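In the order they appear, the protein sequences are chains A and B.
What the first sequence shows, in this note's numbering, is residues 2 to 244, in sequence order.
What the second sequence shows, in this note's numbering, is residues 284 to 505, in sequence order.
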Amino acid sequence: MARFEKFANPTQFLRLQGFLQPWVTAITIILFVVGLYLSLFVAPADYQQKETVRIMFVHVPAAWAGLMVYTVMALSSAVAIIFRHPLADVAAKSAAPIGLAFTFLSLVTGALWGKPMWGTYWVWDARLTSMFVLFLLYLGYMAIWQAIEDPHRAARISSIVALVGFINVPIIKFSVDWWNTLHQPASVFKMNGPAISPSILIPLLVMGAAYSFLFLALHLLALKTEVNARKLRQMQLAEAGKV
Amino acid sequence: MKPVIAILKRDLLLAWRQGGGVGTAIGFFLTVMVLLPLGIGPDLGLLQKIAPGGLWIALLLSVLLSADRIYQIDYDDGSLEQMTLGPVPLELVAGAKAMAHWLSSGLPLAIAAPFLGFLLNLDTKLILPLLGAMVLGSIGLSLLASLGAAVTVGLRKGGLLVSLLVLPLYVPVLIFGISASAAGQAGPDISGSSFIILLAVTLVIVVVTPIASGAALRTFMR
Chain A
2 MARFEKFANP
12 TQFLRLQGFL
22 QPWVTAITII
32 LFVVGLYLSL
42 FVAPADYQQK
52 ETVRIMFVHV
62 PAAWAGLMVY
72 TVMALSSAVA
82 IIFRHPLADV
92 AAKSAAPIGL
102 AFTFLSLVTG
112 ALWGKPMWGT
122 YWVWDARLTS
132 MFVLFLLYLG
142 YMAIWQAIED
152 PHRAARISSI
162 VALVGFINVP
172 IIKFSVDWWN
182 TLHQPASVFK
192 MNGPAISPSI
202 LIPLLVMGAA
212 YSFLFLALHL
222 LALKTEVNAR
232 KLRQMQLAEA
242 GKV
Chain B
284 MKPVIAILKR
294 DLLLAWRQGG
304 GVGTAIGFFL
314 TVMVLLPLGI
324 GPDLGLLQKI
334 APGGLWIALL
344 LSVLLSADRI
354 YQIDYDDGSL
364 EQMTLGPVPL
374 ELVAGAKAMA
384 HWLSSGLPLA
394 IAAPFLGFLL
404 NLDTKLILPL
414 LGAMVLGSIG
424 LSLLASLGAA
434 VTVGLRKGGL
444 LVSLLVLPLY
454 VPVLIFGISA
464 SAAGQAGPDI
474 SGSSFIILLA
484 VTLVIVVVTP
494 IASGAALRTF
504 MR
């Protein structure tokens, strides 16, 4: 708990961020170089889908990342509400645009893959629909941050919105699955091991790690920006107070 | 419990006497019923097919649009502040006000909607299942709309924002509501189990939304 509170101090956090940032960025770049090489050159082309199967290596990790970021956002919001940890709502706020981008990427790459495979850019299939709803949840969360001027109030209200959304994500997922299923069922995370061959699985996992580190790198940067923006605001307010 | 009932009574009375509540919502509902065939075309067979979906969408929108009144007026004239100072926790206040909204808008709309289905050539066999599913589903719709109203209560322009926040949360209610009301088409098994899941979804909403609304109201009242 003591360590946890230590990072409530923005200066401490900025020091940690300054130390971590170059490392995380370097790991991200290495993972992407390796992952893209594996998935674009090493992994075999599918006998049915030909080269289009390679879109999957960009598409699937983006969808994972989109969900992961929402989880990070909801957990940070819970910490912000329960412990009033000052950096937690900054963390939730700065995660949202990144998660939105990942979700958008997964929708777009999915559409690009769907055109040659399913013959149409968009079908109202369960997974597409629930990712789309996730995209809307991100938009709503960011909109409420924008709409409330007072930052403390905005932080609390958006935390509530994020948590209610988080409770709803599995319910929405379940209901949409019930509604319509055309997408291939989950093939990586299964009880009796993955159902896909290692030649595809390994590049996929490397890309998954690359996306996770990309999120970490971007999130650290976004946190720093947000902390600095708040400092700036404080300074401007103090300056205005003098006059 | 007495103050909670007092709040409920007060809100119902206000909804009744102020006017412009249920009547306007049903008017809105009718307008959507007119616009839908104009947009889609007058083909009766097609309209019959989309009738349950059209009715549900119209119900979602009318419940949502009638919800901004739940807190706004009380926030503006200061009664919400009095309720914050009062003995009842804000979570219960939120629950009572959402309940009043359901009784004064959601329920009448849900009862009226299936009978307005004749405008869309609704299969008469579907009226009863649709009625049951809509009455149950509108509880969740009212509560979620009241949550949307609670998180935007202090804002000047909440309207579109509320829609963006609340409509994605309507997805489960819509899906199971539709599935439960399609009794004639999908067979009694499917509609029975969807009805039970709709009930479960509603119960989750009943538990979660008053707590969230209460927390949101407390933030705005600080």
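We treat Cβ as the ideally placed atom computed from N, Cα and C, and that holds for glycine.
These numbers were taken from a predicted model, which means no experiment stands behind them.
Beta-carbon to beta-carbon, A/Val-25 and A/Ala-218 are separated by about 5 Å, close enough to satisfy the 8 Å threshold. Near chain A, meaning a CB-to-CB distance below 8 Å, the residues of the region 490 to 503 of chain B are Val-491, Thr-492, Ala-495, Ala-498, Ala-499, Thr-502, Phe-503. The three-state secondary structure of B/Lys-440, taken from DSSP, is coil. Restricted to the region 353 to 401 of chain B, the alpha helix (DSSP H) segments that are unbroken, complete and at least 4 residues in length are 362 to 368, 373 to 384, 390 to 399, listed in chain order. Judged by DSSP secondary structure, A/Thr-12 falls within the alpha helix (DSSP H) whose first and last residues are 11 to 38.
Taken atom to atom, the span from the alpha-carbon of A/Thr-29 to that of A/Val-228 is near 23 Å. In the DSSP assignment, A/Glu-150 falls outside any alpha helix (DSSP H) and carries neither an H nor an E. DSSP lists no bridge partner for B/Lys-408. Per the Cβ contact rule, the region 72 to 88 of chain A is not in contact with the region 31 to 46 of chain A (fewer than 3 Cβ pairs under 8 Å). Listed along chain B, the residues sitting closer than 9 Å to A/Arg-154 by beta-carbon distance are Gly-437, Thr-502, Phe-503, Arg-505. Taking all protein chains in view, the Cβ of A/His-153 is surrounded by fewer than 16 other Cβ atoms within 10 Å, so the residue is classified as exposed. If you check the CB distance, A/Thr-130 and A/Val-61 do not come in under 8 Å. Nearest neighbour of A/Met-143 by Cα position, chosen from A/Met-132, A/Phe-133, A/Ala-155, turns out to be A/Ala-155. Only residues of its own chain outside the window of five on either side were considered, and among them Val-484 have a CB closer than 7 Å to the CB of B/Pro-455, listed in chain order.
Nearest in C-alpha terms to B/Leu-450, of all of B/Ser-429, B/Ala-334, B/Ala-465, B/Arg-439, is B/Ser-429. By the rule that beta-carbons nearer than 8 Å mark a contact, A/Val-165 touches chain B. Comparing C-alpha distances from B/Pro-335 to each of B/Thr-502, B/Ala-499, B/Ala-416 shows the shortest one belongs to B/Ala-416. With respect to the 8 Å criterion, A/Ile-172 and B/Val-434 are not classified as neighbours on the basis of their beta carbons. Straight through space, the alpha carbons of B/Gly-475 and B/Ser-387 are spaced by roughly 28 Å. Close partners of A/Gly-67 in chain B (Cβ separation under 8 Å) are lacking, with about 15 Å as the shortest Cβ gap. Closest in C-alpha terms to A/Ile-158, from the list B/Met-316, B/Gly-431, B/Ala-341, B/Leu-297, comes B/Gly-431. Neighbourhood of A/Arg-157 in chain B, by CB distance below 7 Å: Thr-502, in chain order. In this structure, B/Ile-290 sits near B/Ala-379, with a CB-CB distance shorter than 8 Å.
For the beta strand (DSSP E) assignment, the region 312 to 354 of chain B encloses no uninterrupted run of at least 3 residues. Here B/Ala-298 is near B/Ala-383, since their CB atoms are less than 8 Å apart.
Counting other Cβ atoms within 10 Å of its Cβ, A/Thr-226 stays below 16 and is therefore classed as exposed.
In the DSSP assignment, A/Ala-75 falls within the unbroken alpha helix (DSSP H) covering 57 to 84.
A distance below 7 Å between beta-carbons, with the five flanking residues on each side excluded, links A/Ser-200 to the following residues of its chain, in chain order: Ala-44, Pro-45. Taking the Cα positions, B/Leu-321 is about 53 Å away from A/Ser-198. Contact annotation, B/Phe-311 with B/Leu-338: C-beta distance approximately 13 Å; criterion of less than 8 Å not satisfied.
Taking CB atoms only, A/Trp-180 has a neighbour in chain B less than 8 Å away.
Not a single CB atom of chain B sits nearer than 8 Å to the CB of A/Val-70. Taking the CA atoms as reference points, B/Thr-307 sits about 33 Å from A/Leu-164. Going by C-alpha positions, A/Ala-96 is about 45 Å away from B/Gly-400. Taking CB atoms only, A/Gly-141 has a neighbour in chain B less than 8 Å away.
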